[in-house]
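Written out below as structure tokens is the structure these notes cover.
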Amino acid sequence: MNGPAPLHLHAGDADATVALGQALGRLLAPQDLITLDGPLGAGKTTLVRGLAQGLGAAGDVSSPTFVLSQEYEIDGGPNLEAFVHIDAYRLNPDELASIGWQGRGESFRQASVVVVEWSERIASALPDDRLAIEIEHTDPGRTLQVTPMGGGVSRWSERAAGLRNALSPWAEG
Numbered sequence: 013m014n015g016p017a018p019l020h021l022h023a024g025d026a027d028a029t030v031a032l033g034q035a036l037g038r039l040l041a042p043q044d045l046i047t048l049d050g051p052l053g054a055g056k057t058t059l060v061r062g063l064a065q066g067l068g069a070a071g072d073v074s075s076p077t078f079v080l081s082q083e084y085e086i087d088g089g090p091n092l093e094a095f096v097h098i099d100a101y102r103l104n105p106d107e108l109a110s111i112g113w114q115g116r117g118e119s120f121r122q123a124s125v126v127v128v129e130w131s132e133r134i135a136s137a138l139p140d141d142r143l144a145i146e147i148e149h150t151d152p153g154r155t156l157q158v159t160p161m162g163g164g165v166s167r168w169s170e171r172a173a174g175l176r177n178a179l180s181p182w183a184e185g
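Each residue of the sequence shown is one higher than the one before, starting from 13 at the first, in our numbering.
If you want it as structure tokens, here you go:
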């Protein structure tokens with residue numbers, strides 16, 4: 013990867029994980045893609061709740077494990093209309109069209125933010141330009157590695173400084 017260095021973060025508990033998600037959510041823009049990977053119970057859905065709150069999404073966010081994807085309306089102005097939460101745990105790349113994924117990362121409305129949990133299961137269908145988050149449960153809290161993907165000039169590499177500043181309260185060491 014030739015992009016910005018990963019951020020290494022720590023959230024001490026579920027509330028801190030939600031707050032981190034809120035801070036990140038306030039930075040998101042239409043067509044942003046966030047991928048979340050980590051073991052069961054690591055806090056992926058907790059982080060997504062914070063992202064949704066930071067975006068101003070309407071409704072209570074829960075894991076879409078059995079429905080595969082959920083879409084939440086956003087009251088975030090004229091440029092951002094929806095937040096799409098996908099759980100790829102039960103999906104393979106060939107099944108993505110069934111939930112609205114069109115082509116390599118072209119998904120849903122252009123005015124949406126998309127978050128994919130268990131993204132490693134559909135890695136071949138993901139675009140290079142995304143924000144990849146690895147999350148792991150630790151004692152106490154969670155550790156996160158946030159990596160702007162896409163190398164060179166990508167939407168995330170251009171926003172790396174703002175990302176680093178917004179998430180600095182959770183930076184490790």
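Positions of the beta carbon are idealized from the N, C-alpha and C atoms, including for glycine.
The model shown is predicted, which means the values in this text are computed figures rather than measured ones.
Cβ shell of residue i (< 8 Å), same chain only, five flanking positions each side left out
i, result
"Leu179", "Leu19, Leu21, Leu32, Ala35, Leu36, Val158"
"Ser169", "Gly15, Pro16, Pro160, Gly162, Gly163"
Helix, strand or coil at residue i [DSSP, three-state]
i, result
"Ala17", "coil"
"Asp25", "coil"
"Ser166", "coil"
"Pro42", "coil"
"Ala70", "coil"
"Leu156", "strand"
"Thr57", "helix"
"Glu85", "strand"
Same chain only: Cβ atoms within 6 Å of residue i, ignoring 5 sequence neighbours per side
i, result
"Ala54", "Ile147, Glu148, His149"
"Leu48", "Lys56, Glu129, Ile145"
"Ser166", "Asp141"
"Ile46", "Val127, Leu143"
"Gly24", "Pro152, Gly153"
"Phe95", "Ala64, Leu67, Ala69, Tyr84, Ile86, Val125"
Whole-angstrom distance between residue j and residue i, CA atom to CA atom
i, j, result
"Gln82", "Arg133", "18 Å"
"Leu156", "Ala172", "16 Å"
"Ala123", "Pro42", "5 Å"
"Ala183", "Leu59", "16 Å"
"Leu103", "Asn177", "35 Å"
"Leu175", "Ser131", "21 Å"
"Ala137", "Gly50", "19 Å"
"Tyr8", "Leu52", "No statement about residue 8 is possible, as the shown extent of the chain runs from 13 to 185 and does not include it."
Cβ neighbours of residue i in the same chain (closer than 7 Å, five flanking residues each side left out)
i, result
"Gly62", "Thr29, Val30, Ala31, Leu32, Gly33, Gln34, Gly37"
Residue nearest to residue i in terms of C-alpha spacing, selected from the options
i, options, result
"Ala69", "Leu108, Val125, Asp106, Ala23", "Val125"
"Leu87", "Asp27, Asp25, Leu67", "The sequence shown places Asp at residue 87, not Leu. Out of Asp27, Asp25, Leu67, Leu67 has the C-alpha closest to the C-alpha of Asp87."
"Asp1", "Ala94, Gln65, Ala135", "Nothing can be reported for residue 1, as the shown portion of the chain is limited to 13 through 185."
"Asp99", "Val73, Asn91, Pro181, Leu39", "Val73"
"His97", "Pro181, Asp44, Asp27", "Asp44"
"Leu39", "Asp27, Gly71, Leu52, Gln65", "Gln65"
For residue i, the residue or residues it bridges with in DSSP
i, result
"Thr47", "Val128, Ala144"
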